[in-house]
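Take a look at the structure set out below.
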Amino acid sequence: MSYILDALKKSEQERKQGGVPNLQTVHIPVGVESQTPWVLYAFITVLLLVLAFVIGLVISNKTPSGVSEEDTEATKQSLERSSVAVAQQPDVKVVTPREDVYQNLNTVNVGVQAEPKPLDTPVKRILKKDNTIASKRKRPDLSDIPYLHEMQDYLQQSVPEMTFAGHVYSSTPSSRSVIINNVAMSEGDTVIQGINVVEITTSGVIFSLNDEFFRMDILQDWSF
């Protein structure tokens with residue numbers, strides 16, 4: 001009997017499968033490919049990017065803070081060491097000089113002040129006077145000074161030709177003058193480089209040739 005019922009049910013099911021479905025028909029679910037996975041993947045990717053950005057931002061903000069804390073700690077330690085060093089320095093006593101000593105020093109400074117030199121003094125004139133004084137100190141006696149023609153030949157050849165057109169002698173050295181090569185000269189003037197007028201005498205002129213002295217008689221050596 002049971003075999004007959006099973007056969008009837010089976011035949012009924014086969015008949016229904018070949019016919020139009022009704023309300024009693026059992027629907028077998030058919031798998032449909034889901035269209036949502038790519039949305040999920042995109043969401044996960046965006047989430048990972050946001051997470052990476054947040055982590056990088058936190059790290060970048062944390063690093064300066066750490067450095068700042070280290071700098072603050074180092075500055076604090078430096079200030080503490082400076083405070084200790086200042087505290088260990090000995091007290092410096094200020095010694096105030098006595099009033100009478102200060103007055104004596106002021107008096108000495110006033111006494112040694114030099115008078116200002118006039119600025120309008122020609123430098124060339126000062127050099128001439130210095131040369132004249134130096135020449136007078138080194139000049140030997142007049143009798144020991146040779147004439148130009150008595151000197152050695154190489155010294156005579158080093159003296160250029162000179163012509164005398166005038167000779168003025170005075171007891172005052174500054175008033176003495178002589179005209180050499182049409183140029184009025186006085187004691188201390190330079191004829192050429194290395195030859196200077198040392199002294200103007202009553203009869204002639206004493207010259208210096210480097211470190212050698214020689215004289216010329218105006219009447220005898222008017223030109224040569």
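According to the UniProt record's numbering, the residues represented by the sequence shown are 1 to 224, in order.
Glycine is no exception: its CB is placed at the ideal position from the N, C-alpha and C atoms.
Just so we're clear, the structure is a prediction, and the values are computed from it rather than from any experiment.
Judged by DSSP secondary structure, L209 falls within the beta strand (DSSP E) whose first and last residues are G204 to L209. Take I192, set aside five residues on each side of it, and the residues of its chain with a beta-carbon closer than 8 Å to its own are P160, in chain order. DSSP places D153 inside the alpha helix (DSSP H), whose first and last residues are D153 to Q157. Straight-line spacing of the CA atoms in I55 and L47 works out to 12 Å. Residue L148 holds the alpha-carbon nearest to the alpha-carbon of M216 among E199, H167, S208 and L148. Take M151, set aside five residues on each side of it, and the residues of its chain with a beta-carbon closer than 6 Å to its own are F214, in chain order. DSSP places T190 within a strand segment (E or B) once states are collapsed to three.
Within 10 angstroms of the beta-carbon of E199 lie 16 or more other beta-carbons, which makes it buried. A straight-line Cα-Cα distance of about 28 Å links P173 and L155. According to the DSSP assignment, H149 belongs to no beta strand (DSSP E), since it is labelled neither H nor E. Of the candidates T202, S175 and I206, I206 places its Cα closest to the Cα of T190.
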